[in-house]
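K.L.:
The structure follows.
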Amino acid sequence: MKQIFVTGGAGFIGSAFIRLVLDETSDTQIINYDALTYAGNLENLEGVDSKRHTFIKGDICDKDSVLNSIPDNCDAIFNFAAESHVDRSIESANEFVNTNVLGTQILLDAAREKNVRRFVQISTDEVMGSLPESDEAFFTEDSPLEPNSPYAASKAAAEHFVRAARETFGLETIITRCGNNYGSRQFPEKLIPLMVSNAMNDEPLPVYGDGKNVRDWVYVDDHCRGIWLSFEKGKSGEAYNIGARNELQNIEVVKSILDILGKPHSLIKYVKDRLGHDRRYAIDSTKVEKELDWKPKVSWEEGLQATINWYQENVDWVDHIRNGEYKEYYKKHYGMEVGAK
Ligand SMILES: NC(=O)c1ccc[n+]([C@@H]2O[C@H](COP(=O)([O-])OP(=O)(O)OC[C@H]3O[C@@H](n4cnc5c(N)ncnc54)[C@H](O)[C@@H]3O)[C@@H](O)[C@H]2O)c1
274 MKQIFVTGGA GFIGSAFIRL VLDETSDTQI INYDALTYAG NLENLEGVDS KRHTFIKGDI
334 CDKDSVLNSI PDNCDAIFNF AAESHVDRSI ESANEFVNTN VLGTQILLDA AREKNVRRFV
394 QISTDEVMGS LPESDEAFFT EDSPLEPNSP YAASKAAAEH FVRAARETFG LETIITRCGN
454 NYGSRQFPEK LIPLMVSNAM NDEPLPVYGD GKNVRDWVYV DDHCRGIWLS FEKGKSGEAY
514 NIGARNELQN IEVVKSILDI LGKPHSLIKY VKDRLGHDRR YAIDSTKVEK ELDWKPKVSW
574 EEGLQATINW YQENVDWVDH IRNGEYKEYY KKHYGMEVGA K
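Quick note on the working numbering: the sequence shown kicks off at 274 and runs consecutively.
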């Protein structure tokens, strides 16, 4: 049996990764370590095989708890745990430094102490900053780290500590950097679930600025497959950019959602732009395609339809969130109530 330690496994991508690994391997035992912040949700793990999955509630900044929770003979740490929302990092960056930087460093130290074979850091294309609007420029693994938001800065800092652990102590490390993910169980503060849940309730859809910011969308299961391949086939010390060559303007995404749901475009409400809003992200994924034999399996059309279907079939999941802490966040951030028509 392989033993792996997954942090942040109750969040959107971490829980998808756990389901994928349990479905696609038969010899992997998973410890899922998650602090259950506002973004962590045990409902995301309903139905997973409990014989091969153990949940531990804990903070990656708590060194003793981390050391006690990493199993002996651990094959890998997959670090998904993070504060992950750019808007929240603009309001206050403290928790981002704490979890994303200090927490990663604590995990790296623990990995050495427990002789963990490989450390996989789940990073983001946002560490590379913003690209011009012309479609000729792409992020590659050689692009400089030029983060613009406090969130991206904390993820870039974490990458530097991962590099330092490898260069200084010889820890085996892999970094993955993916574009924007979409799929089921994503917290509704993020673009796609925000727009889907508001549209389902005939509420205004708040779109930043002119709506023409471009993101490179990847279906969450394709991202998770890329992470697993990078662990199994990747070379220590390498970074792997994961992108589906699926650049879309935010406004195109929002209009597609309204069209699929049969709702009018008049629900779109342009709001004041996000501070320092990166204009365009786009990934050249040649390296993962060639070296890891990775390519996305799910097209944008299929993935978006499946995502919307999931939100329509899981109204209770969304309602639990919309009735919790999210209510206050939404009012403070958008100046309107969740549920306002
Ligand atoms: N969402 C995206 O589009 C995207 C794209 C590329 C990379 N990433 C990266 O993937 C990872 C997962 O993103 P996500 O969208 O699933 O985030 P998420 O916010 O849905 O989940 C984060 C999880 O981490 C847990 N967590 C937060 N702080 C913790 C702490 N101190 N100790 C232990 N657990 C803690 C939360 O409880 C939650 O379950 C992040 O590292 C993020 O930077 C995300």
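Ideal Cβ placement from N, Cα and C applies to all residues, glycine included. Small disclaimer: the values here were computed from a predicted structure and weren't measured.
Would you say the beta carbon of Glu520 is closer than 7 Å to some non-hydrogen atom of ligand 1?
P.N.:
No - ligand 1 has no heavy atom lying nearer than 7 Å to the Cβ of Glu520.
K.L.:
Over what stretch of residues does the beta strand (DSSP E) that includes Cys451 continue unbroken?
P.N.:
Where Cys451 is concerned, the enclosing beta strand (DSSP E) stretches over 446 to 451.
K.L.:
Reducing DSSP to helix, strand and coil, say where Glu432 ends up.
P.N.:
Helix, per DSSP.
K.L.:
Please report how far the alpha carbon of Glu409 lies from the alpha carbon of Ser558, in whole angstroms.
P.N.:
So the alpha carbons of these two residues sit roughly 14 Å apart.
K.L.:
For Val487, which beta-bridge partners are listed by DSSP?
P.N.:
In DSSP, Val487 forms a bridge with Gln522, Arg553.
K.L.:
Count the CB pairs spanning the segment 340 to 360 and the segment 380 to 390 that are closer than 8 Å, and state whether there are at least three.
P.N.:
Counting Cβ pairs under 8 Å, three or more are found: they touch.
K.L.:
Can you tell me the Cβ-Cβ gap for Val526 and Leu478, rounded? I've got them flagged as a contact below 8 Å.
P.N.:
About 11 Å; that fails the 8 Å criterion.
K.L.:
Alpha carbon to alpha carbon, what distance is there between Met473 and Lys614?
P.N.:
Straight-line Cα distance between these residues: approximately 12 Å.
K.L.:
For a quick check, are the C-beta atoms of Gly576 and Gly456 less than 8 Å apart?
P.N.:
In contact: Gly576 and Gly456 (Cβ atoms closer than 8 Å).
K.L.:
Can you name, in chain order, every residue of its own chain whose Cβ lies under 6 Å from the Cβ of Ala425, other than the five neighbours on each side?
P.N.:
Cβ within range, chain order: Glu399, Val400.
K.L.:
Checking 8 Å against the spacing of the C-beta atoms, do Asn486 and Asn514 come in under that value?
P.N.:
Against a cut-off of 8 Å, the Cβ pair of Asn514 and Asn486 comes out as no contact.
K.L.:
Beta carbon of Ala425: closer than 7 Å to some heavy atom of ligand 1?
P.N.:
Answer for Ala425: no, Cβ out of range of ligand 1.
K.L.:
Within the continuous alpha helix (DSSP H) that includes Asn388, where are the two ends?
P.N.:
Where Asn388 is concerned, there is no enclosing alpha helix (DSSP H), given that its DSSP letter is neither H nor E.
K.L.:
Specify the secondary structure class of Pro423 as computed by DSSP and reduced to three states.
P.N.:
DSSP places Pro423 in helix when its eight states are reduced to three.
K.L.:
With a threshold of 7 Å (Cβ to nearest heavy atom), would Leu293 be considered close to ligand 1?
P.N.:
It does not: the Cβ of Leu293 is nowhere closer than 7 Å to a heavy atom of ligand 1.
K.L.:
Can Cys334 be considered in contact with ligand 1, in the sense that its beta carbon sits closer than 7 Å to one or more heavy atoms?
P.N.:
Cys334: yes, Cβ under 7 Å from ligand 1.
K.L.:
For Asn305 versus Thr327, is the C-beta spacing smaller than 8 Å?
P.N.:
Cβ distance < 8 Å, so Asn305 and Thr327 count as in contact.
K.L.:
Going by DSSP in three states, Thr301 sits in which element: helix, strand or coil?
P.N.:
Of the three classes helix, strand and coil, the one that applies to Thr301 here is strand, per DSSP.
K.L.:
Leaving out five residues before and five after Trp501 in sequence, what residues of the same chain have Cβ atoms less than 6 Å from its Cβ?
P.N.:
No residues qualify anywhere along the chain.
K.L.:
Shorter than 7 Å, the distance from the beta carbon of Phe328 to the closest heavy atom of ligand 1, or not?
P.N.:
Answer for Phe328: no, Cβ out of range of ligand 1.
K.L.:
Please state the DSSP three-state secondary structure of Gln378.
P.N.:
Correct three-state label for Gln378: helix.
K.L.:
Using three-state DSSP, classify Phe504 as helix, strand or coil.
P.N.:
Note: Phe504 maps to helix in three-state DSSP.
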